[in-house]
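Worksheet: the structure to be examined is printed underneath.
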Amino acid sequence: MAVRFAYYALALGWAVVILVLTLLPAQALPPGPDWDFITVDTLVHAILFGVQLLLLLFGFLRDPSVLLSRRLVTYSFLFVVFFGILVEILQGSMGLGRQADPVDAISNTIGCFFGLGIWVLIPRRF
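Once you know that position 106 of the sequence shown is 119 in this note's numbering, the rest is easy, because the numbers rise by one and skip nothing.
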């Protein structure tokens, strides 16, 4: 059990980081610079969830008891997308000065697409 947990520790740890950062009260967050094309918030959401997908897939790749198939990659993608939507729902329901933002959910999903693209493009020789 402990050995299997080690394969997914990075993905689980990153999920905790995502939850802590996205569920902090609004006043606890530093203001980000305003860009014309893309906001820092949008970029951060995309990076957080793209990395989450990559870490989850890397855990599956390292686990010898798991056959990493296209179906599992697809399910992992959908799981992380739904995790991003859940985070937005939690933000809106917790009453900490945060609100559920559909644009953030879209940014989370875009990050998942980028993570999936990186997964497909990089050779997995580790």
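We put the beta carbon where it would ideally sit given N, CA and C, even for glycine.
All figures in this text were calculated on a predicted structure; none of them were measured in a lab.
Would you kindly check if the distance between the Cβ of residue j and the Cβ of residue i is under 8 Å?
i	j	result
isoleucine 69	serine 82	It is leucine, not isoleucine, that sits at residue 69 in the sequence shown. No, the Cβ-Cβ distance between leucine 69 and serine 82 is not below 8 Å.
tyrosine 20	arginine 75	yes
valine 64	tryptophan 27	yes
glycine 130	isoleucine 60	no
leucine 103	leucine 36	yes
If you drop the 5 nearest sequence neighbours on each side, which residues of the same chain put their C-beta closer than 6 Å to that of residue i?
i	result
asparagine 121	His58, Phe62 and Gly97
Taking only the alpha-carbon atoms, compute the straight-line gap between residue i and residue j and give it to the nearest angstrom.
i	j	result
leucine 66	valine 100	15 Å
glycine 105	phenylalanine 127	26 Å
leucine 34	alanine 22	18 Å
isoleucine 135	phenylalanine 71	12 Å
isoleucine 31	leucine 25	10 Å
leucine 91	proline 115	17 Å
phenylalanine 73	glycine 108	35 Å
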